[in-house]
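Visitor: For our numbering, add 45 to where a residue sits in the sequence shown, where the first one is 1. First the structure, which I've put down as structure tokens, then a few questions once you've had a look.
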Amino acid sequence: MYEIFMRSFADSDGDGIGDLKGITSRLDYLDSLGVEGLWLTPFNKATSYHKYDVEDYYAVDPEYGTMADLQMLVQEAHRRDIKVLMDLVINHCSSSHPWFKDACSGPDSPYRDWFVWAQRDIIVSEPEHWHFVPGSDTSAPDVEKYYGFFWSGMPDFNFDNPAVRAEMKKIGAYWLTVGGVDGYRLDAAQHIYPEGETSKNHVWWREFRKSMDEVKPGFFMVGEIANKNEVVAPYLQGGMHAAFNFDLATDILKEINAEEDHGLVYRLVGIRDLYYSYSSSYIDATFVSNHDQNRIMTVLGDDPAKAKLAAAILLTLPGSPYLYYGEEIGMRGQKPDELIREPFPWTYDANDPLTTRWESPVYTIAGQVNCLAAQCEVSTSVYASYLSWISLRRSEPCLYDGNVRPVDVSDAHLLAYRRSLKGQQDIIVLHNLSHVAVEATDARSWGIVETLAGPAYTVGSKDRFIVPPFSTCVFRLK
Ligand code: CA
């Protein structure tokens with residue numbers, strides 16, 4: 046899966062802003078990378094550059110194109126066996142949405158109860174999430190505040206109101222049918238109800254799933270529940286098909302920076318067992334970074350060897366891996382948010398019509414990150430590394446669909462795991478997380494018959510097997 050930050054990926058009409066047609070024009074690139082699905086960040090009409098504050102749930106933002114452009118993108122993606130997920134943001138809307146503006150007109154508005162209101166004097170918890178309507182008489186004793194978890198510009202919907210629930214299902218059905226998308230990435234899925242009412246979130250998402258299943262059997266929904274796995278798990282029971290594995294993302298980066306394994310696969314197996322106890326068919330949405338997190342290359346100290354290692358780990362573990370655009374060329378960036386969402390550098394040619402120019406990049410610039418065109422020419426580029434790991438994953442059913450269990454090794458600089466799939470020979474993946482070469486003394490007992498990636502292991506060798514710094518070996522076993 047490949048996450049596209051709409052504004053930054055590819056421009057089709059020379060206004061410097063990424064758009065739907067731009068993405069369509071790059072589908073061959075995504076196809077050749079091995080991408081099987083897209084997650085498009087929001088494209089509903091909105092005011093902000095990121096568009097997570099929707100003003101019209103039934104419109105494509107004109108900055109990004111038209112409904113026809115979306116339909117064409119979906120059609121062309123499907124022609125290449127690429128699915129399309131839309132980022133659906135229904136926890137809140139923009140404070141400039143007509144529904145909210147009407148609701149602010151007073152208690153008699155038909156939309157008043159679409160949002161969450163409380164008198165100032167009875168707000169005792171989470172006061173930072175409650176806001177006065179601009180221009181209201183804040184000294185009046187009965188003045189009300191509205192609930193906006195993220196900020197005042199994004200008022201939360203009241204999901205206790207049946208009309209709100211019905212409207213959200215109508216929106217969900219609209220984009221699955223008219224837009225043709227295959228499913229949803231569900232933004233802020235854990236914030237539908239405030240903390241303390243979490244079980245009502247689970248009920249809502251089950252209801253939404255059931256409703257969408259009727260509209261489009263086989264549709265797919267993956268939830269953003271940025272929380273510990275214990276909190277994530279119940280969302281998988283009859284609700285989300287998949288949930289992002291935030292714990293694993295943190296673990297991968299932490300272990301690479303520590304240059305040691307501290308039980309990553311043991312924890313992953315624990316998470317998988319927990320999720321399976323809620324849903325036998327859940328899909329683990331694995332990733333290392335997304336549009337809310339600092340870029341992998343930057344977190345790993347601008348070391349391409351470490352960035353390649355992150356790719357090797359993500360792409361040899363089970364699950365459905367999500368790649369944030371630009372990670373495949375090692376884009377750099379850290380917060381503020383705009384700087385982790387910089388233009389994808391197809392080239393650094395000032396006249397390149399494809400590269401977006403809505404902001405001036407600070408991190409992903411010539412001399413710091415090679416553009417895609419340059420990386421395509423170099424066999425040691427970060428891009429070449431992603432290409433080979435994705436290709437290996439897709440050619441080995443065991444890596445694509447197999448189970449995982451830890452393999453104990455005697456040196457903490459090494460991370461090893463075994464992948465198994467019925468009817469296939471097991472595979473062992475061995476990473477050296479450190480900057481020094483490490484001897485893999487345990488490898489002799491594994492029964493290696495073939496090296497699929499990395500330095501070759503000689504069958505029956507009595508020689509020492511040395512794993513080079515920051516490298517990965519993949520072996521097929523007897
Ligand atoms: Ca454009």
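Positions of the beta carbon are idealized from the N, C-alpha and C atoms, including for glycine.
Under 8 Å, with one C-beta from each stretch per pair, do the region 489-508 and the region 311-327 reach the 3-pair mark?
Guide: With a cut-off of 8 Å, the region 311-327 and the region 489-508 do not count as touching, because too few Cβ pairs lie within range.
Visitor: What does DSSP give as the partner residues of residue 71 in its beta bridges?
Guide: Reading the sequence shown from its first residue, position 26 is the one you call residue 71. Partner(s): none; residue 71 has no beta bridge.
Visitor: If we ignore side chains and look at the alpha-carbon of each, how far apart do residue 449 and residue 178 end up?
Guide: Numbered from its first residue, the sequence shown carries residue 449 at position 404. Numbered from its first residue, the sequence shown carries residue 178 at position 133. If I take the Cα positions, the gap works out to 52 Å.
Visitor: Sort 508, 92, 461, 364 by Cα distance to residue 305 and report the nearest one.
Guide: For the purposes of this step, residue 305 is taken as the residue at position 260 of the sequence shown. Considering only alpha carbons, the answer is 461.
Visitor: List, from N- to C-terminal side, the beta strand (DSSP E) runs of 3 residues or more that fit wholly inside the region 130-182.
Guide: Qualifying beta strand (DSSP E) stretches, in chain order: 162-164, 175-177.
Visitor: Check whether the Cβ atoms of residue 80 and residue 226 sit closer than 7 Å, and answer yes or no.
Guide: As a working note, residue 80 is residue 35 in the sequence shown. As a working note, residue 226 is residue 181 in the sequence shown. Going by C-beta atoms, residue 80 is not nearer than 7 Å to residue 226.
Visitor: Locate the beta strand (DSSP E) running through residue 229, then write down its first and last residues.
Guide: Position 184 of the sequence shown holds residue 229. Counting along the chain, the beta strand (DSSP E) containing residue 229 begins and ends at 228-231.
Visitor: To the nearest angstrom, how far is it from the Cα of residue 350 to the Cα of residue 59?
Guide: For the purposes of this step, residue 350 is taken as the residue at position 305 of the sequence shown. For the purposes of this step, residue 59 is taken as the residue at position 14 of the sequence shown. About 35 Å.
Visitor: Can you check which of these residues, 73, 218, 451, is closest to residue 315 by C-alpha distance?
Guide: Position 270 of the sequence shown, counted from the first residue, corresponds to residue 315. Ranking 73, 218, 451 by Cα distance to residue 315 puts 451 first.
Visitor: Is the closest heavy atom of ligand 1 to the C-beta of residue 68 under 6 Å?
Guide: Taking the first residue of the sequence shown as position 1, residue 68 is located at position 23. Not so, every heavy atom of ligand 1 lies at least 6 Å from the Cβ.
Visitor: Over what stretch of residues does the alpha helix (DSSP H) that includes residue 361 continue unbroken?
Guide: Sequence index remark: in the sequence shown, residue 361 carries index 316 (1-based). Unbroken run through residue 361: none, as it is neither H nor E.
Visitor: I'd like to check one pair, residue 78 with residue 131: are the Cβ atoms closer than 7 Å?
Guide: Position 86 of the sequence shown, counted from the first residue, corresponds to residue 131. Position 33 of the sequence shown, counted from the first residue, corresponds to residue 78. Not in contact: residue 131 and residue 78 (Cβ atoms no closer than 7 Å).
Visitor: For the alpha helix (DSSP H) holding residue 437, just list the boundary residues, first then last.
Guide: Your numbering for residue 437 matches position 392 in the sequence shown. From DSSP, the alpha helix (DSSP H) with residue 437 extends over 427-440.
Visitor: According to DSSP, is residue 466 helix, strand or coil?
Guide: In the sequence shown, counting from the first residue as 1, residue 466 sits at position 421. Three-state result, residue 466: coil.
Visitor: CB of residue 64 to nearest heavy atom of ligand 1: below 6 Å?
Guide: Residue numbering aside, residue 64 sits at position 19 when the sequence shown is read from its first letter. Answer for residue 64: yes, Cβ within range of ligand 1.
Visitor: Between residue 56 and residue 399, which are expected to be in contact by the criterion C-beta below 8 Å, what is the C-beta distance as a whole number of angstroms?
Guide: By 1-based counting over the sequence shown, the position of residue 56 is 11. By 1-based counting over the sequence shown, the position of residue 399 is 354. Right, the Cβ-Cβ distance comes to about 6 Å (below 8 Å), so this counts as a contact.
Visitor: Taking just the CA atoms, how far does residue 154 sit from residue 189?
Guide: Reading the sequence shown from its first residue, position 144 is the one you call residue 189. Reading the sequence shown from its first residue, position 109 is the one you call residue 154. Near 14 Å, if we compare the C-alpha coordinates of residue 154 and residue 189.
Visitor: Apply the 10 Å Cβ neighbour rule to residue 125 and answer buried if 16 or more other Cβ atoms are within range, or exposed otherwise.
Guide: Counted from its first residue, the sequence shown places residue 125 at position 80. Its Cβ having fewer than 16 others within 10 Å, residue 125 is exposed.
Visitor: Which of the three DSSP states is assigned to residue 262 in this structure?
Guide: For the purposes of this step, residue 262 is taken as residue 217 along the sequence shown, with counting starting at 1. If DSSP states are grouped into helix, strand and coil, residue 262 belongs with coil.
Visitor: Rank 61, 46, 271, 47 by C-alpha distance to the C-alpha of residue 403 and give the top, closest one.
Guide: Working through the sequence shown from its first residue, we reach residue 403 at position 358. Of the listed residues, the one whose Cα sits closest to residue 403 is 61.
Visitor: If you reduce the DSSP assignment to three classes, tell me which class residue 249 lands in.
Guide: The residue you call residue 249 lines up with position 204 of the sequence shown. Three-state DSSP puts residue 249 in a helix.
Visitor: Say yes only if the C-beta of residue 114 is nearer than 6 Å to one or more non-hydrogen atoms of ligand 1, and no if none qualify.
Guide: As a working note, residue 114 is residue 69 in the sequence shown. No, Cβ of residue 114 sits at least 6 Å from all heavy atoms of ligand 1.
Visitor: Which term fits residue 183, buried or exposed, when burial requires 16 or more other beta carbons within 10 angstroms of its beta carbon?
Guide: Locating residue 183 in the sequence shown gives position 138, where the first residue counts as 1. So residue 183 ends up on the exposed side.
Visitor: Let me know the beta strand (DSSP E) ranges lying completely inside the region 266-339, each 3 residues or longer, listed in chain order.
Guide: Correct list: 287-289, 328-330.
Visitor: So, at 8 Å on beta carbons, what are the nonlocal neighbours of residue 238 in its own chain, with the 5 sequence-adjacent residues on each side left out?
Guide: Locating residue 238 in the sequence shown gives position 193, counting from the first residue. 204, 245, 246, 249.
Visitor: Give the DSSP-derived three-state secondary structure of residue 223 in the structure shown.
Guide: Here residue 223 corresponds to residue number 178 of the sequence shown, with the count starting at 1. Three-state DSSP puts residue 223 in a helix.
Visitor: Just to confirm, is the Cβ distance from residue 430 to residue 458 under 7 Å?
Guide: Taking the sequence shown and counting its residues from 1, the one referred to as residue 430 is at position 385. Taking the sequence shown and counting its residues from 1, the one referred to as residue 458 is at position 413. No. Outside cutoff.
Visitor: Tell me which residues share the same chain as residue 329 and place their Cβ nearer than 6 Å to its Cβ, disregarding the 5 neighbours each side in the sequence.
Guide: On the sequence shown, position 284 is the one that residue 329 refers to. Contacts found: 290, 364.
Visitor: Classify residue 426 as buried or exposed, calling it buried when 16 or more other Cβ atoms lie within 10 Å of its own Cβ.
Guide: Here residue 426 refers to the residue found at position 381 of the sequence shown. When all chains shown are included, residue 426 counts as buried.
Visitor: Return the chain-ordered list of same chain residues with a C-beta closer than 7 Å to the C-beta of residue 151, the five sequence neighbours on each side being excluded.
Guide: Translated into the one-based positions of the sequence shown, residue 151 becomes position 106. Taken in chain order, the list of residues that qualify is empty.
Visitor: Using only the alpha-carbon positions, how far apart do residue 83 and residue 512 sit?
Guide: Stepping through the sequence shown from its first residue, residue 83 is reached at position 38. Stepping through the sequence shown from its first residue, residue 512 is reached at position 467. Straight-line Cα distance between these residues: approximately 35 Å.
Visitor: Please go through the same chain and pick out, in chain order, the residues whose beta-carbon is closer than 8 Å to the beta-carbon of residue 173, but skip the five residues on each side of it.
Guide: Start at 1 with the first residue of the sequence shown, and residue 173 comes out as number 128. For residue 173, where only same-chain residues beyond five positions count, there are no Cβ hits under 8 Å.
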